[in-house]
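Peer 1:
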Amino acid sequence: MGPLAGLAVPSTAGVLSCRVLDPVSEPVQRAEFVVSDASGRRVVGGETDPFGTVVTTVPAGEYRLAVTAEGYTPFHGNVTVTASGLAALGDVMLQVAAPAALPEPGEWELDPTHSQIGFTASHIGLARIHGRFNTFAGAIRIGERMEGSAMHVIIDTASIDTGVGMRDDHLRSGDFLDVGNYPTMEFYSDRFVHRGGSRWAIIGGLTLHGVSRTVTLDTQYLGLGTGLGGETRGACRATTELHREDFTLTWQTMLARGIAAIGSSISINLDIQVIPKAA
83 MGPLAGLAVP STAGVLSCRV LDPVSEPVQR AEFVVSDASG RRVVGGETDP FGTVVTTVPA
143 GEYRLAVTAE GYTPFHGNVT VTASGLAALG DVMLQVAAPA ALPEPGEWEL DPTHSQIGFT
203 ASHIGLARIH GRFNTFAGAI RIGERMEGSA MHVIIDTASI DTGVGMRDDH LRSGDFLDVG
263 NYPTMEFYSD RFVHRGGSRW AIIGGLTLHG VSRTVTLDTQ YLGLGTGLGG ETRGACRATT
323 ELHREDFTLT WQTMLARGIA AIGSSISINL DIQVIPKAA
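Numbering (this note's numbering), first residue to last: 83 to 361.
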């Protein structure tokens, strides 16, 4: 006669539930969970509610539950769900994960052969166009505290590449990037803000098409590793969103029913590796 008493569950299915808690028994909100079947195929997934709870209905069978959350070690557990039954795992306790080691203070540089600066834009209101810039360089000064770091990246605007030559020529023209007058775009930042766990905000000025605007890169630090040549490497992923009009990139043509050929918002996706700067 509890709150689930009125829930209609198919006769061949059951309910799986648990509550996700941190080491001091506080609920972990928005932890991601995935329920997979015996063959490893994802059946259902989502996020915990504000009380750290997972409740989902799945066909009767054997399952594996995975729970992940920023700053915690993952949880994996097996569960059997019976027809018309409730498989209650109770409290799932997540343990605090050790933070990834930060780069050593000093001069670092982007490795363009193992990095990518990509973007996506909507096309005719239905699909997305994907592209990237093939030529860029960057330097990073890692401070004694990461918050005291700074970076400078220069991108060759003529290196834009969407896989279609005619479209790329148009993007290089005066209608868009105008590479003859603005051969580069630049990003400079000296504000590294820790948002918890592996998340950082890198806030700086982007100069594009002769206009400078403040941009925030939402960044996930992935840690340090060793390359094939024995060199130390750091890696991160970052995203941001730009609006073309903010940089006076206002060319547009309208299709039938007032649909814009190219969307106003551009999503930027970066996969970056850095290495210590050569002496």
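Where a beta carbon is used, it is the ideal one built from N, C-alpha and C, also for glycine. For clarity, every value in this text was computed on a predicted model and none was experimentally measured.
Does the Cβ-Cβ distance between G153 and G279 come in under 9 Å?
Peer 2: Looking up residue 153 in the sequence shown gives position 71. Looking up residue 279 in the sequence shown gives position 197. Result yes, Cβ atoms of G153 and G279 sit closer than 9 Å.
Peer 1: Are the CB atoms of V235 and F218 nearer to each other than 9 Å?
Peer 2: Taking the first residue of the sequence shown as position 1, residue 235 is located at position 153. Taking the first residue of the sequence shown as position 1, residue 218 is located at position 136. Contact flag set, yes.
Peer 1: Cβ atoms of R319 and L304: under 9 Å apart, would you say?
Peer 2: Locating residue 304 in the sequence shown gives position 222, counting from the first residue. Locating residue 319 in the sequence shown gives position 237, counting from the first residue. Their beta carbons are under 9 Å apart, which means L304 touches R319 by this criterion.
Peer 1: Looking at L290: is its Cβ nearer than 9 Å to the Cβ of L331?
Peer 2: What you label residue 290 is simply residue 208 of the sequence shown in a count that begins at 1. What you label residue 331 is simply residue 249 of the sequence shown in a count that begins at 1. For L290 and L331, yes; Cβs fall inside 9 Å.
Peer 1: Measure the alpha-carbon distance for D119 versus V110 and round it to whole angstroms.
Peer 2: One-based indexing of the sequence shown puts residue 119 at position 37. One-based indexing of the sequence shown puts residue 110 at position 28. Distance between the alpha carbons of D119 and V110: 24 Å.
Peer 1: Grab me the residues of H252's own chain with a C-beta within less than 8 Å of its C-beta, minus the 5 sequence neighbours each way, in chain order.
Peer 2: The sequence position of residue 252 within the sequence shown is 170, counting from 1. Cβ within range, chain order: F258.
Peer 1: Nearest CA to the CA of P92: which residue from T138, V178, R326, R249?
Peer 2: For this step, residue 92 is matched to residue 10 along the sequence shown. Measuring from the Cα of P92, the nearest candidate turns out to be T138.
Peer 1: Would you give the residue range spanned by the alpha helix (DSSP H) that R249 belongs to?
Peer 2: As a first step, residue 249 is located in the sequence shown; it is residue number 167 there, counting from the start. Counting along the chain, the alpha helix (DSSP H) containing R249 begins and ends at 247-254.
Peer 1: Shorter than 8 Å, the distance from the beta carbon of H252 to the closest heavy atom of the ligand SAM, or not?
Peer 2: This structure lacks the ligand SAM, and indeed carries no ligand of any kind.
Peer 1: Counting C-beta neighbours from all protein chains within 10 Å, is the total for S121 16 or more, i.e. buried, or is it exposed?
Peer 2: Position 39 of the sequence shown holds residue 121. Classification for S121: exposed.
Peer 1: Unbroken beta strand (DSSP E) runs of length 3 or more, entirely within the region 243-325: which are they?
Peer 2: Listed in chain order, the complete beta strand (DSSP E) runs (minimum 3 residues) inside the region 243-325 are 266-278, 281-290, 293-308, 314-325.
Peer 1: On the CB-based measure, 16 or more other CB atoms within 10 Å of its CB, does T322 come out buried or exposed?
Peer 2: Indexing the sequence shown from 1 puts residue 322 at position 240. Per the 10 Å Cβ criterion, buried.
Peer 1: Starting from V116, trace the beta strand (DSSP E) both ways and give me its first and last residue.
Peer 2: Within the sequence shown, numbered from 1, the residue matching residue 116 stands at position 34. That run of the beta strand (DSSP E) goes 114-119.
Peer 1: State the CB to CB distance for the pair V356 and G311, rounded to an integer number of angstroms; the pair is presumed to be in contact (CB under 8 Å).
Peer 2: As a working mapping, residue 356 is identified with position 274 in the sequence shown. As a working mapping, residue 311 is identified with position 229 in the sequence shown. Not confirmed; about 15 Å, so no contact.
Peer 1: Would you say S349 and T202 are within 9 Å of each other, going by their C-beta atoms?
Peer 2: For the purposes of this step, residue 349 is identified with residue 267 of the sequence shown, where counting begins at 1. For the purposes of this step, residue 202 is identified with residue 120 of the sequence shown, where counting begins at 1. Yes, these two residues count as a Cβ contact at 9 Å.
Peer 1: Three-state secondary structure (DSSP) at E144?
Peer 2: Here the question's residue 144 lines up with position 62 in the sequence shown. Of the three classes helix, strand and coil, the one that applies to E144 here is strand, per DSSP.
Peer 1: Report yes if the CB atom of T296 is closer than 9 Å to the CB atom of A283, and no otherwise.
Peer 2: Numbered from its first residue, the sequence shown carries residue 296 at position 214. Numbered from its first residue, the sequence shown carries residue 283 at position 201. No; because the gap between Cβ atoms is not below 9 Å, this pair is not in contact.
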